[in-house]
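Residue numbers (mature numbering (1 follows the signal peptide of the UniProt record, and there is no 0)): -29 to -1, 1 to 235.
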């Protein structure tokens, strides 16, 4: 009897192991079925700290790649990054150049053309200046002045949200993060307008600059964009983002990229 009981326990344990293994394999296979293969193509804008490309190795790092690694680890799916720009990203998704674009905000205009996951986090929009004039940008009303010339990235959340409100401000709209920083450093702009993540990256890299978050605070959730016909993929991503939020992974990733703003 004891021998039979031992056999039964061993057989049950083996069956459970096979069941859990099969369930895990099915979960991975279902994602591959959703994607139509073992590769997920992610649009990437060379705009640190969201994405940064090493031109020697073509490797991508940054906040979005960190989150992408957390999302797709242990799924058997490989990540391929496709160069794009914020201003043309919607067209890239619609034309199937890539499957996803992280760090992409859900705006009413964009939502007409593409779909979005739940937020992968949120960032604050602010001002970065190299001059000792933080008080000049204490409020958005103060920023809304013809004496203020702001550099910003075409198609970015900051431009989409604030350009319609800051109608008196002089705008210098450029295609990339590097071009925006050049406008500031050359003196062609008084300051740049972007999110706290990108400003933190600039200050850490350059060792200078003052970040101001004008009041009232403009906080912008940021999402992952995808085509409207990818409902199953959106649901899978939403579930994974929920899990990463609950276990603290998202908070740990975001905290790597933010410094404290200056109070004017």
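Note that the Cβ used here is the ideal one computed from N, Cα and C, for glycine as well.
As a quick exercise: from 16, 199, 125, pick the residue whose alpha carbon is nearest that of residue 83.
Comparing Cα positions, the closest option is 199.
With three or more beta-carbon pairs closer than 8 angstroms as the criterion, would you say the region 171 to 182 touches the region 47 to 56?
With a cut-off of 8 angstroms, the region 47 to 56 and the region 171 to 182 do not count as touching, because too few Cβ pairs lie within range.
Starting from residue 173, follow the alpha helix (DSSP H) in both directions and report where the run begins and ends.
167 to 177 is the span of the alpha helix (DSSP H), which, as asked, contains residue 173.
Please state whether DSSP places residue 203 in a helix, a strand or coil.
DSSP places residue 203 in helix when its eight states are reduced to three.
What are the boundary residues of the alpha helix (DSSP H) that residue 81 is part of?
First-last of the alpha helix (DSSP H) with residue 81: 79 to 82.
Quick check: what's the CA-CA separation for residue -9 versus residue 6?
Bear in mind that the predicted position of residue -9 carries a pLDDT of just 44, short of 50, making it unreliable; the figure below should be weighed with that in mind. When rounded, the distance between both Cα atoms is 21 angstroms.
Taking residue 228 and residue 168 to be in contact with their CB atoms under 8 angstroms, please state how far apart those CB atoms are, rounded to whole angstroms.
Contact holds; Cβ gap of about 5 angstroms.
Can you check DSSP and say which residues form a bridge with residue 14?
For residue 14, which the question treats as bridged, DSSP gives the partners 53, 72.
Please state if the CB of residue 18 and the CB of residue 55 are separated by a distance shorter than 8 angstroms.
Against a cut-off of 8 angstroms, the Cβ pair of residue 18 and residue 55 comes out as no contact.
So, are the CB atoms of residue 224 and residue 37 less than 8 angstroms apart?
Yes, the pair counts as a contact, with Cβ atoms nearer than the cut-off.
For residue 114, does the three-state DSSP call read helix, strand or coil?
Three-state result, residue 114: helix.
In the DSSP assignment, find the beta strand (DSSP E) that holds residue 142 and state where it starts and stops.
Counting along the chain, the beta strand (DSSP E) containing residue 142 begins and ends at 141 to 145.
With H, G and I counted as helix, E and B as strand and the rest as coil, what does DSSP make of residue 191?
DSSP places residue 191 in strand when its eight states are reduced to three.
I'd like to check one pair, residue 161 with residue 100: are the Cβ atoms closer than 8 angstroms?
For residue 100 and residue 161, yes; Cβs fall inside 8 angstroms.
For residue 239, list the residues DSSP reports as bridge partners.
Residue 239 is absent from the structure shown; the chain starts at -29 and stops at 235.
Measure the C-alpha to C-alpha separation of residue 165 and residue 72 and round it to an integer number of angstroms.
So the alpha carbons of these two residues sit roughly 18 angstroms apart.
Within a Cβ cutoff of 6 angstroms, which residues of the same chain sit near residue 139, ignoring the five residues on either side of it in sequence?
Closer than 6 angstroms at Cβ, skipping near neighbours: 115, 116, 117.
To the nearest angstrom, how far is it from the Cα of residue 61 to the Cα of residue 81?
Whole-angstrom Cα-Cα distance: 7 angstroms.
Could you give the residue range of the beta strand (DSSP E) that holds residue 93?
92 to 100 is the span of the beta strand (DSSP E), which, as asked, contains residue 93.
Could you check what DSSP says for residue 163 in three-state terms: helix, strand or coil?
Correct three-state label for residue 163: strand.
What does a CB cutoff of less than 7 angstroms around residue 92 pick up in its chain, not counting 5 residues either side in sequence?
Only 193, 221, 225 meet the Cβ criterion.
Between which two residues does the alpha helix (DSSP H) holding residue 39 run?
Looking at the DSSP string, the run of the alpha helix (DSSP H) that includes residue 39 is 34 to 43.
Would you mind stating whether residue 64 and residue 208 have Cβ atoms separated by less than 8 angstroms?
It is not a contact, given that the beta carbons lie outside the stated cut-off.
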